[in-house]
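Here's the structure we're looking at; comments come further down.
4 protein chains.
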Amino acid sequence: MSGLFAPLFAPPELRAAVSARAWVEAMTEAEGALAGAAAAAGLVPAAAAAAIAAARPPEPDVLGEAALASGNPVVPLVAALREAVGDEHAEHVHRGATSQDILDTAAMLVARRARALIVAELDGVARACAGMARAHAGTVMAGRTLLQQALPVTFGLKAAGWLDATLDARAGLVRVRLDAQLGGAAGTLAAFGDAGPAVAAGFAERLGLGAPALPWHTARGRVAELGAALAVAAGAAGKAALDLVLLAQTEVGEVRAGSGGSSALPHKQNPIGAIRARACAERVPPLAALLLGAMAQEHERAAGAWHAEWEPLAQALALTGGAVAALRETLETLAVRPERMRANLEAAGGRLLAERVALALPAAARGAVGEAAAADGSFRAALLARPEVAAHVDAAALDALLDPAGYLGATAELIDRALARAGRELDR
Amino acid sequence: MSGLFAPLFAPPELRAAVSARAWVEAMTEAEGALAGAAAAAGLVPAAAAAAIAAARPPEPDVLGEAALASGNPVVPLVAALREAVGDEHAEHVHRGATSQDILDTAAMLVARRARALIVAELDGVARACAGMARAHAGTVMAGRTLLQQALPVTFGLKAAGWLDATLDARAGLVRVRLDAQLGGAAGTLAAFGDAGPAVAAGFAERLGLGAPALPWHTARGRVAELGAALAVAAGAAGKAALDLVLLAQTEVGEVRAGSGGSSALPHKQNPIGAIRARACAERVPPLAALLLGAMAQEHERAAGAWHAEWEPLAQALALTGGAVAALRETLETLAVRPERMRANLEAAGGRLLAERVALALPAAARGAVGEAAAADGSFRAALLARPEVAAHVDAAALDALLDPAGYLGATAELIDRALARAGRELDR
Amino acid sequence: MSGLFAPLFAPPELRAAVSARAWVEAMTEAEGALAGAAAAAGLVPAAAAAAIAAARPPEPDVLGEAALASGNPVVPLVAALREAVGDEHAEHVHRGATSQDILDTAAMLVARRARALIVAELDGVARACAGMARAHAGTVMAGRTLLQQALPVTFGLKAAGWLDATLDARAGLVRVRLDAQLGGAAGTLAAFGDAGPAVAAGFAERLGLGAPALPWHTARGRVAELGAALAVAAGAAGKAALDLVLLAQTEVGEVRAGSGGSSALPHKQNPIGAIRARACAERVPPLAALLLGAMAQEHERAAGAWHAEWEPLAQALALTGGAVAALRETLETLAVRPERMRANLEAAGGRLLAERVALALPAAARGAVGEAAAADGSFRAALLARPEVAAHVDAAALDALLDPAGYLGATAELIDRALARAGRELDR
Amino acid sequence: MSGLFAPLFAPPELRAAVSARAWVEAMTEAEGALAGAAAAAGLVPAAAAAAIAAARPPEPDVLGEAALASGNPVVPLVAALREAVGDEHAEHVHRGATSQDILDTAAMLVARRARALIVAELDGVARACAGMARAHAGTVMAGRTLLQQALPVTFGLKAAGWLDATLDARAGLVRVRLDAQLGGAAGTLAAFGDAGPAVAAGFAERLGLGAPALPWHTARGRVAELGAALAVAAGAAGKAALDLVLLAQTEVGEVRAGSGGSSALPHKQNPIGAIRARACAERVPPLAALLLGAMAQEHERAAGAWHAEWEPLAQALALTGGAVAALRETLETLAVRPERMRANLEAAGGRLLAERVALALPAAARGAVGEAAAADGSFRAALLARPEVAAHVDAAALDALLDPAGYLGATAELIDRALARAGRELDR
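Chains as they are written, first to last, in my numbering: chain A, 1 to 428; chain B, 1001 to 1428; chain C, 2001 to 2428; chain D, 3001 to 3428.
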């Protein structure tokens, strides 16, 4: 992503983690681990393996231009490493591997580092949500369905919902397998002789990646699952950001999210962080769709679909982290306005409690509640004016029924559950 | 899906499992379970609960037309059930729930039944692949990268790769949480008084669904994950189908997949099953993208994004099952042609073994292998004609090097691993 | 689409226009036109052509089940038509064509009829918007950027914007080529001898479709463009629906869109039509993505990507029409509430006019406007209290500056332009 | 796109045209044109306009970092330009505009330059196709449906099909409106007083962009249409590339497309250019889906969906150009192998002519052709051995019927049509 827009869509550490340089470093690291594993199996001299492991990653731009002839940047990387280690060791560079082994493994290394950053941001979101769930467990506000006020909820319950979805997304992302890939030219490990499985296992171990049962050169479920897990995480962030943007509307005003004003329009309080989170989140599902669709890969290496994965995977990592980080920043600086929440709730004059009043009445009397709610003016007065209602509740009882804080159902328990889960799953 | 195209894209049981009737039955079942759980909590008379549980599902078409006013089919369903149970019990129908509770829970019931059918088809694919992996463990063929012959593999290894990917997809699909949804109008369970959590737990238990910690009315990770897991399963099927279509090409002819001839073109052997699998598989990622994108749902009920999920979820279930079933049928009737595999492999005159020959020579002599491979005519003769080669291998040694069956690396072990996994994960 | 959900997502005429029956009728019509064109070229006896043209379309379900063997429903259709016309004429049915010719041509016939219905709905939307643009040309309301009040606009201008976008979408949809497809088994028209081009031209003419220069069996730009034009139309409808849902929020209340109340929550005014429009609109871009992605079709007939188009194309037609129709219904019954628009606008105490006040001052004095806007309390008083401001405007001048109706810029002209365009492009 | 992968996915000129620098230059150019148009309307001093127009674009990276506070890079651009022109002219920079005006207009400037490059590449593809359509008008080869040999075609006809699709895509791309955007903070042009329409017209004219009837800040059809037209162009390139990859398969060998060999596998002829074209093409539809889906933009400026457009639009431009350029390079260096085409065609022993033979026989005798085609061995001998056939054709007549060059139908005319169209539409 370009320097102009990139800062808006991903934090700097994450941009670095998926940058061209990070990919080249990961590819170089993979070549080093390959040489090491091959040396352990007696296929490569230890001195050569040491030289390869010590080689410096070449410049990304140089590899990029040189990649055109072969269609991927590993071929020029190998050439650069061979030059770096000298004639003595050159033949041992890339021993037994194919370009895809190195690139796929590098992708998993890049993904591992980026995922750690994303998970840390998810943790930050979760902690911020937990703090608000606790602090605002009893802060009543209107629950809104189809963007209409429906029943009372609390802001703490809303935050608990974001928290639970964040923990779900986190669990899904952590679960994705990040396995090394090593198969050689056609996935048989043939160039390693009898040592293939041992080299593959050593390769994975040296890199701290999982060792798959089979090479996965054209079994792309791992990449697709990673893309989907990222989209779920981005989606969870996008949902909370959507709620925040809606709560920050001028006419709602229940939160102030960021100070993104405008010189021309100084009265505006643009919720820039939440907007950025939404923009990031909106961009991830199409990338996940690409990765899912790219599972159709021919035989032992795809003629295009594999190449189509590289940048979208990097973008999905960056944008998901961007969505989560922008949400975290927003939540950490959020101004919650309980007085506006209550004022908006009370503007309907208790009509949000109509369900509760109705349930407190015999079935035959319930129709009167709907009529009263539909009437203009005071809902309370309209209720008391109806004999079907007045026969069953007096003014004091009605006031109790119309108190939103008294009609929150399991809100407190639901918040507790989310907080308990956060206690178990965070802070390790 | 219409009666004209539907049979091509999903097997009949699966179409039934996601049909309008199945949805209405699931919604009706959910209302019955709700009444039962509410009765257990003392909120509804046992007789009413029994009457509701015994009510017959109404006709889908009637609900569909009546759904326009409220925007979902639960409102007319409730009306129909109230009429069915009579005035005595009517007020207890849908007690404490909101439309989304019933529809989301019904979606999970539909998904559970459809998933079981899809998993059974995945098992069928896995068994067919396992059979071929075993039977053709040593059937050599060309491994192909970028659609060019590369190194020898065996057809058994190819089948083992499909098998492993199928087991991955199966595991991912089985792992998806199918939880009941019950939250009432705004997710607080307020209409159940203190009994909310108990009713929610009882509701889930009666339906055999998971009981979530929190209602998930606008936390749509579950639906998005289900869509993604379906797309991964469809993608795994699509990859195998792609390989089959390529192997069945007139010029390749390594398999015969289906007897889909044409009256006008009687020589053709169209691999219809694999083609259908590909067509199904191609359609699932966009549906998954929709479900991932639809996670952006407003507040306590979305104004559109929720509604957008219903049909795509049903279609994703049907099409994934369609892809897997069409692949299974194809695999179960596949004619494998080892003689064509060997003939295609040998057409290159041993050039696929160039890597092996080169590795058998000192580094300085390896360039000669490439020159020999690039020359027209017999690769073997060209190799023997070069002194750098002849100095190190004689004709007999070269013949051994050029035997593809001797350069299969870890093929046997990789097949064994896949079979062992299948033994563990299937047939329980 | 199923009977349960379908009514929510497409009007009945449109569902009929893309139904299985409509496809079978269109395929049958194509076979009739083919026979007629072949008869005109002397390749088929006139009596046979007449018999074929008179044949009744078979039942869709029968074709669907029978399509499995060949992978498409044309093969059983041809069998059914042959039976219908009897042994005498049977050999002349489907003369020279391939299945894809008939199915692609039928798709274009289906698209033509569905498009006409969609265009009629777009016209309805445009007329409703034009009416509101005219009626509310001067109805001031807050313009909102990033969901924050920004500057005054009028509701008429908003409606004019929807109108212009609707006319754009209409023009794009009308422009899409709907061409017949006839190429024979491999696109050479070989089975027609020398008469191929004449038969192809006659075929198109009889059906009222365009006659393409070349067969387009695997040149799928037409289908992809149609999908994209539908998505643009759905997107235009979805944008207006989004605005309406936002304006209908309880706290905004500037429109009432539909009467979708809830028995449990009688105070709610759910904008069901706009919600349905959004749900439809959200579903079309993934279908367009599928059609765009499906352009990758192999050689002279695709092994899957072609089959993947059929249902998504039908769905895209239905859902686009559903989006536009639901929007039209909403607009035609919309209650606009100018008093709430003005009240919301005035709630900010004139801060939306800050830009105007600033522009009326010397540059050096403008900073004071921002300070005044950021202060609590009366913006007007805060302005007058600042000497930099008071030096340049007195109270009367300030009141004029703070009148939103006086700061509407080119609003009237922009509305006029949209109305003029509507006058030119509608009602022909 | 990063320096590592970018060269594989877009040519250098196109990368430059959509680079961060190009965006900043376009934004700066837009500010200059705005000042010029405002000066022409008397709103800005001519000296200020001249100073603004002469200002140098700032560094992209600086803007990018500074964009976080406001959520877009125009705010820091304006600050930089104000500093550049000095206090005297600072207040006239960005006069009357909003950030979106500048960014949307810059996007159109970027798109215009990138489109010109893409169109030039499409022209190159078209010319290469035209050359091959002419040169190989009579080069017979197997037409393939469902990847099975079907009927004879010629390579020239295949090239003509690619040509026609390329011209379609070109026409669609050229047709997309590239309009300036100017509306001010809420789309009313209010800050320009009465001069709004004149300034807007002058702004567009100075930039050589179209002048829209209405501002299109949240009417995103233009952007969506551009995305779709790009995806259609990428799709047309991807289809040809798919054909080439299939024709280049080892077992087919009808073209050699590129010299992308492998040091380890010197016998391979990887069609790298076609593979790159496919990889690019596969990535564009998801981006188009995003742009189509992003039409749902709130009120007068979207809270996220607008921001989500920027990079995907730039990527869609680059990748489409990458697909087309990679295809052009491949076509320009393609080695066509007519002898392999004929050999593959003849491998079926004339069975591809079964349709023709059948049509030459009375209907009652046609079944024998299918039987003969299904039999092993010589099709010709099998036909002559059947009395139903021998009664109607002798050996000489049969040989004529089995000559593929004699069963090409309208091939020559279809090629001529495509060439005539190319003659009309190119080279102007």
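By construction, the Cβ of each residue, glycine as well, lies at the ideal position given by its N, Cα and C atoms.
Nothing here was measured: the structure is a model prediction, and the numbers come from that model.
Find the residues of chain C that neighbour residue 1024 of chain B, judging by a C-beta separation of less than 9 Å, and give them in chain order.
-> Position 24 of the second sequence, counted from the start, is the residue given in the question as residue 1024 of chain B. Going along chain C in sequence order, the residues near residue 1024 of chain B (Cβ under 9 Å) are 2004.
Measuring CA to CA, which of D/3412, D/3219, D/3342, D/3103 is closest to residue 2235 of chain C?
-> Numbered from 1 along the third sequence, position 235 holds the residue referred to as residue 2235 of chain C. Per the Cα distances, D/3219.
Buried or exposed: which applies to residue 1333 of chain B, given that a residue is buried once 16 or more other Cβ atoms fall within 10 Å of its Cβ?
-> Position 333 of the second sequence, counting from 1, holds the residue named residue 1333 of chain B. Exposed, since its Cβ has fewer than 16 Cβ neighbours within 10 Å.
Write down every uninterrupted run of the alpha helix (DSSP H) in the region 3258 to 3313 of chain D whose length is 4 residues or greater and which is fully enclosed by it, in chain order.
-> Along the length of the region 3258 to 3313 of chain D, whole alpha helix (DSSP H) runs at least 4 residues long occupy 3272 to 3293, reported in chain order.
Neighbourhood of residue 1419 of chain B by C-beta distance below 8 Å, restricted to the same chain and skipping five residues each side = As a working mapping, residue 1419 of chain B is identified with position 419 in the second sequence. Excluding positions up to five away in sequence, the list reads 1130, 1133, 1134, 1160, 1163.
Does residue 3094 of chain D have its Cβ less than 8 Å from a Cβ in chain C?
-> Here residue 3094 of chain D is taken as the residue at index 94 of the fourth sequence, counted from 1. Closer than 8 Å: no.
State yes or no: is the beta carbon of residue 7 of chain A nearer than 8 Å to at least one beta carbon in chain D?
-> Position 7 of the first sequence holds residue 7 of chain A. Yes, contact with chain D.
Could you name the residues of chain C that residue 72 of chain A contacts, counting a contact when the two beta carbons are closer than 7 Å?
-> Locating residue 72 of chain A in the first sequence gives position 72, counting from the first residue. Taking the beta carbon of residue 72 of chain A as reference, no residue of chain C falls within 7 Å; the closest one sits roughly 21 Å away.
Note down the Cα distance separating residue 2027 of chain C from residue 2313 of chain C, rounded to an integer number of angstroms.
-> Within the third sequence, numbered from 1, the residue matching residue 2027 of chain C stands at position 27. Within the third sequence, numbered from 1, the residue matching residue 2313 of chain C stands at position 313. For residue 2027 of chain C and residue 2313 of chain C, the distance between alpha carbons rounds to 16 Å.
Evaluate the contact criterion for the region 2409 to 2419 of chain C versus the region 280 to 297 of chain A: three or more CB pairs, one atom per stretch, below 8 Å.
-> Touching, no, given that fewer than three Cβ pairs across the two stretches are closer than 8 Å.
Establish whether the CB of residue 2286 of chain C and some CB of chain B are separated by less than 8 Å.
-> Here residue 2286 of chain C corresponds to residue number 286 of the third sequence, with the count starting at 1. With 8 Å as the cut-off, residue 2286 of chain C counts as an interface residue toward chain B.
Could you confirm whether any beta carbon from chain D is found closer than 8 Å to the beta carbon of residue 2311 of chain C?
-> The residue you call residue 2311 of chain C lines up with position 311 of the third sequence. Judged by the 8 Å Cβ criterion, residue 2311 of chain C is not in contact with chain D.
What residues from chain B crowd round residue 2236 of chain C, counting only those whose CB sits closer than 9 Å?
-> Counting from one through the third sequence, the residue named residue 2236 of chain C turns up at place 236. Within 9 Å Cβ-Cβ: nothing; residue 2236 of chain C doesn't reach chain B, min ~15 Å.
Which of the three DSSP states, helix, strand or coil, is assigned to residue 184 of chain A?
-> By 1-based counting over the first sequence, the position of residue 184 of chain A is 184. Looking at residue 184 of chain A - three-state DSSP - the assignment turns out to be coil, as it is neither helix nor strand.
Candidates D/3221, D/3397, D/3208, D/3188, of which the one nearest residue 2171 of chain C by Cα | The sequence position of residue 2171 of chain C within the third sequence is 171, counting from 1. Checked all of D/3221, D/3397, D/3208, D/3188; the closest Cα to residue 2171 of chain C is D/3221.
Just the C-alpha distance for residue 3088 of chain D and residue 3051 of chain D, rounded to the nearest angstrom, thanks.
-> In the fourth sequence, residue 3088 of chain D corresponds to position 88, counting from 1. In the fourth sequence, residue 3051 of chain D corresponds to position 51, counting from 1. Taking the straight line from one Cα to the other gives about 10 Å.
Does the Cβ-Cβ distance between residue 1974 of chain C and residue 2404 of chain C come in under 8 Å?
-> Lying outside 2001 to 2428, the shown extent of chain C, residue 1974 of chain C is not represented and no answer is given.
Opposing strand residues paired with residue 140 of chain A [DSSP bridges] = The residue given as residue 140 of chain A occupies position 140 in the first sequence. According to DSSP, which records beta bridges pairwise, residue 140 of chain A is partnered with A/154.
Please classify residue 3175 of chain D: is it buried, with 16 or more other beta-carbons within 10 angstroms of its beta-carbon, or exposed?
-> To locate residue 3175 of chain D, count along the fourth sequence from 1; it is residue 175. It is exposed - the Cβ of residue 3175 of chain D has fewer than 16 other Cβ atoms within 10 Å.
Within-8 Å CB hit, residue 393 of chain A to chain F | Checking the listed chains, one finds no chain F in this structure; the protein chains it contains are A, B, C and D.
Could you name the residues that DSSP lists as bridge partners for residue 2105 of chain C?
-> If you number the third sequence from 1, residue 2105 of chain C lands on position 105. Answer is none; residue 2105 of chain C lacks a bridge partner.
In chain order, which alpha helix (DSSP H) runs of at least 4 residues are fully inside the region 63 to 101 of chain A?
-> Here the runs fully enclosed are 74 to 85, 87 to 90.
Alpha carbon to alpha carbon, how far is residue 3247 of chain D from residue 3335 of chain D? Give it in angstroms, no decimals.
-> Working through the fourth sequence from its first residue, we reach residue 3335 of chain D at position 335. Working through the fourth sequence from its first residue, we reach residue 3247 of chain D at position 247. Residue 3335 of chain D and residue 3247 of chain D: Cα-Cα distance of roughly 11 Å.
Answer yes or no: do residue 3272 of chain D and residue 99 of chain A have a C-beta to C-beta separation smaller than 8 Å?
-> Sequence index remark: in the fourth sequence, residue 3272 of chain D carries index 272 (1-based). Sequence index remark: in the first sequence, residue 99 of chain A carries index 99 (1-based). No.
Kindly list, in the order they appear in chain A, the residues whose Cβ is closer than 7 Å to that of residue 3245 of chain D.
-> Taking the first residue of the fourth sequence as position 1, residue 3245 of chain D is located at position 245. Near residue 3245 of chain D (Cβ distances below 7 Å), the residues of chain A are 303.
Counting only the same chain and skipping the five closest in sequence on each side, list residues whose C-beta sits under 8 Å from that of residue 1307 of chain B.
-> Position 307 of the second sequence holds residue 1307 of chain B. Leaving aside the five residues that flank residue 1307 of chain B on each side, the residues in its chain whose CB is nearer than 8 Å to its CB run, in chain order, 1071, 1072.
Under 6 Å Cβ to Cβ from residue 2124 of chain C, same chain only, skipping five residues before and after it: list those, please.
-> Indexing the third sequence from 1 puts residue 2124 of chain C at position 124. Same-chain partners within the cutoff: 2328.
When the Cα of residue 2472 of chain C is compared with those of C/2056, C/2035, C/2057, which residue comes out closest?
-> Because chain C is modelled from 2001 through 2428, residue 2472 of chain C falls outside the range shown and cannot be assessed.
Of all the CB atoms in chain A, is at least one closer than 8 Å to the CB of residue 2267 of chain C?
-> Along the third sequence, one-based indexing puts residue 2267 of chain C at 267. When Cβ-Cβ separations below 8 Å define contact, residue 2267 of chain C makes contact with chain A.
Provide the residue span of the alpha helix (DSSP H) that contains residue 3379 of chain D, from first to last.
-> To locate residue 3379 of chain D, count along the fourth sequence from 1; it is residue 379. DSSP places residue 3379 of chain D in the uninterrupted alpha helix (DSSP H) bounded by 3379 to 3384.
Using a Cβ-Cβ cut-off of 6 Å (strictly less than) and excluding sequence neighbours within five positions of residue 204 of chain A, which residues of its own chain qualify?
-> Working through the first sequence from its first residue, we reach residue 204 of chain A at position 204. Hits under 6 Å: 180, 211.
Can a CB atom of chain A be found closer than 8 Å to the CB of residue 1189 of chain B?
-> Stepping through the second sequence from its first residue, residue 1189 of chain B is reached at position 189. Yes, residue 1189 of chain B counts as interfacial toward chain A.
Excluding five sequence neighbours on each side, which residues of the same chain lie with their C-beta closer than 6 Å to the C-beta of residue 2108 of chain C?
-> One-based indexing of the third sequence puts residue 2108 of chain C at position 108. Cβ within range, chain order: 2178, 2209.
Residue range of the unbroken alpha helix (DSSP H) whose run includes residue 1203 of chain B = Taking the first residue of the second sequence as 1, we reach residue 1203 of chain B at position 203. According to the DSSP assignment, residue 1203 of chain B belongs to the alpha helix (DSSP H) that extends over 1196 to 1207.
From C/2371, C/2316, C/2068, C/2342, pick the residue whose C-alpha is nearest to that of residue 2115 of chain C; which is it?
-> Walking along the third sequence from the start, residue 2115 of chain C turns up at place 115. Answer by Cα proximity: C/2316.
The alpha helix (DSSP H) enclosing residue 3023 of chain D, as first and last residue numbers | For the purposes of this step, residue 3023 of chain D is taken as residue 23 along the fourth sequence, with counting starting at 1. Note, residue 3023 of chain D: alpha helix (DSSP H), 3020 to 3040.
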